[in-house]
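Peer 1: This is the structure I have questions about; it appears just below.
In the numbering used here, the protein residues as written are 48 to 311.
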């Protein structure tokens, strides 16, 4: 094969790889590609993209811009653009454990109810896996903790719902829970006192690139029965995959940061 034809073949492979990286998430979002097939397509496409990127950078390092012809420069730009999101995803997920269920309360995680019906039978089990999962999470994400805010759960739930919608999550349910207990004051009168009252918001978040569906439960309840103080707990679980590349922990952090800022 002549040098010209080899370069043409490389150009075709580079263009095909770029199109594959763009088509894989689109195919997954539209249901044309299963999760494994879409991820596999990206993994295969990254090989020629990384090769072109390395070759272009090597030539640039050796001789500067003067050594880059138009075709090599275009290939370098194309490879860098097409591989940017996959590379960034991998780099940002370094050190993330192979877990996909993260919560601020590992002893009593927020529960999903309404959302169970829309998850589908092929989704990851929604039952919390207990101490082993909790220990792994604490080691990887020690900063994932409950948020304590001034205010009652009902009022803060409105703010939390606004933040959920601001983040683009699809609200599935927002339900109060708890009960009221009537107690005798001992002076011939009776009053109602809150024993356990709060609100749970269930929502679905869709990831930017592949459109993966992750489910989120936000629980707001009185902090230790103290009036005017609310504990906010969040749980985020992926429907597919063993590991989440740190996505669920990042989602919880962003939500709690925005909620705290919104409450002031």
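Here a beta-carbon is modelled for each residue, glycine too, at the ideal position from N, C-alpha and C.
Under the three-state reduction of DSSP, which class applies to residue 130: helix, strand or coil?
Peer 2: By 1-based counting over the chain shown, the position of residue 130 is 83. Three-state DSSP puts residue 130 in a helix.
Peer 1: To which residues of the same chain is residue 236 closer than 8 Å at the C-beta, ignoring the five residues directly before and after it?
Peer 2: On the chain shown, residue 236 is found 189 positions in, with the first residue counted as 1. Since pLDDT at residue 236 reaches only 36, below the 50 mark, its modelled position is unreliable, and the value read off the structure follows with that caveat. Closer than 8 Å at Cβ, skipping near neighbours: no residue.
Peer 1: Name the two residues that bound the continuous beta strand (DSSP E) containing residue 268.
Peer 2: As a first step, residue 268 must be located in the chain shown, where it is residue number 221. First-last of the beta strand (DSSP E) with residue 268: 260-269.
Peer 1: Specify, as a first and last residue, the run of the beta strand (DSSP E) that residue 276 falls within.
Peer 2: Taking the chain shown and counting its residues from 1, one reaches residue 276 at position 229. Residue 276 -> beta strand (DSSP E) spans 276-285.
Peer 1: With 16 as the cutoff for other CB atoms within 10 Å, does residue 262 come out buried or exposed?
Peer 2: Taking the chain shown and counting its residues from 1, one reaches residue 262 at position 215. By the 10 Å Cβ count, residue 262 comes out buried.
Peer 1: Assign residue 155 to buried or exposed, taking buried as 16 or more other Cβ atoms, counted over all protein chains shown, within 10 Å of its Cβ.
Peer 2: Counting from 1 along the chain shown, the entry for residue 155 is found at position 108. Exposed is the call here.
Peer 1: Quick check on the DSSP output: what are the complete beta strand (DSSP E) runs of length 3 or more inside the segment 165-206, in order along the chain?
Peer 2: The segment 165-206 contains these whole beta strand (DSSP E) runs: 194-197.
Peer 1: Where does residue 238 fall in DSSP's three states?
Peer 2: Indexing the chain shown from 1 puts residue 238 at position 191. Only weak support is given to the placement of residue 238: the predicted model assigns it a pLDDT of 38, under 50, and the question is left unresolved by the model.
Peer 1: Taking the C-alpha atoms as reference points, what is the distance between residue 299 and residue 78?
Peer 2: The sequence position of residue 299 within the chain shown is 252, counting from 1. The sequence position of residue 78 within the chain shown is 31, counting from 1. The straight-line gap from Cα to Cα measures roughly 27 Å.
Peer 1: CA-CA distance, residue 152 and residue 124?
Peer 2: Position 105 of the chain shown, counted from the first residue, corresponds to residue 152. Position 77 of the chain shown, counted from the first residue, corresponds to residue 124. Cα to Cα, the separation comes out at about 45 Å.
Peer 1: For residue 119, collect the residues of the same chain with a Cβ closer than 7 Å to its Cβ; drop the 5 residues on either side in sequence, then sort them by chain order.
Peer 2: Taking the first residue of the chain shown as 1, we reach residue 119 at position 72. Excluding sequence neighbours, residue 119 sits near 103 and 106.
Peer 1: Taking all protein chains shown into account, decide if residue 141 is buried (16 or more other Cβ within 10 angstroms of its Cβ) or exposed.
Peer 2: Translated into the one-based positions of the chain shown, residue 141 becomes position 94. Its Cβ having fewer than 16 others within 10 Å, residue 141 is exposed.
Peer 1: Do the CB positions of residue 206 and residue 62 come within less than 8 Å of each other?
Peer 2: Residue 206 sits at position 159 when you count from the first residue of the chain shown. Residue 62 sits at position 15 when you count from the first residue of the chain shown. Contact: no.
Peer 1: What are the residues that DSSP puts in a beta bridge with residue 150?
Peer 2: The residue given as residue 150 occupies position 103 in the chain shown. 282.
Peer 1: In the DSSP assignment, find the unbroken alpha helix (DSSP H) run with residue 65 in it and report its ends.
Peer 2: Looking up residue 65 in the chain shown gives position 18. Where residue 65 is concerned, the enclosing alpha helix (DSSP H) stretches over 50-76.
Peer 1: Inspect the beta-carbon positions of residue 92 and residue 67 and report whether they are closer than 8 Å.
Peer 2: The residue you call residue 92 lines up with position 45 of the chain shown. The residue you call residue 67 lines up with position 20 of the chain shown. Yes, they are a contact pair.
Peer 1: If distances are taken between C-alpha atoms only, which option among 175, 53, 144 and 126 comes closest to residue 159?
Peer 2: In the chain shown, the residue the question calls residue 159 occupies position 112. Minimum Cα distance to residue 159 is reached at 175.
Peer 1: Out of 71, 54 and 196, which has the shortest C-alpha to C-alpha gap to residue 99?
Peer 2: Counting from one through the chain shown, the residue named residue 99 turns up at place 52. Nearest of 71, 54 and 196 to residue 99, Cα basis: 54.
Peer 1: Taking the DSSP output, what are the residues bridged to residue 247?
Peer 2: Position 200 of the chain shown, counted from the first residue, corresponds to residue 247. Answer is 222 and 266, bridged to residue 247.
Peer 1: First and last residue of the alpha helix (DSSP H) that includes residue 304?
Peer 2: One-based indexing of the chain shown puts residue 304 at position 257. Note, residue 304: alpha helix (DSSP H), 294-310.
Peer 1: Distance, Cα to Cα, residue 254 vs residue 50?
Peer 2: Stepping through the chain shown from its first residue, residue 254 is reached at position 207. Stepping through the chain shown from its first residue, residue 50 is reached at position 3. So the two alpha carbons sit approximately 43 Å from each other.
Peer 1: Alpha carbon to alpha carbon, how far is residue 231 from residue 274?
Peer 2: Reading the chain shown from its first residue, position 184 is the one you call residue 231. Reading the chain shown from its first residue, position 227 is the one you call residue 274. Here residue 231 scores only 36 on pLDDT, less than 50, and its place in the model should not be relied on; the value that follows carries that caveat. Taking the straight line joining both Cα atoms gives about 19 Å.
Peer 1: Return helix, strand or coil for residue 252, following the three-state DSSP convention.
Peer 2: In the chain shown, the residue the question calls residue 252 occupies position 205. Residue state, collapsed to three classes: strand.
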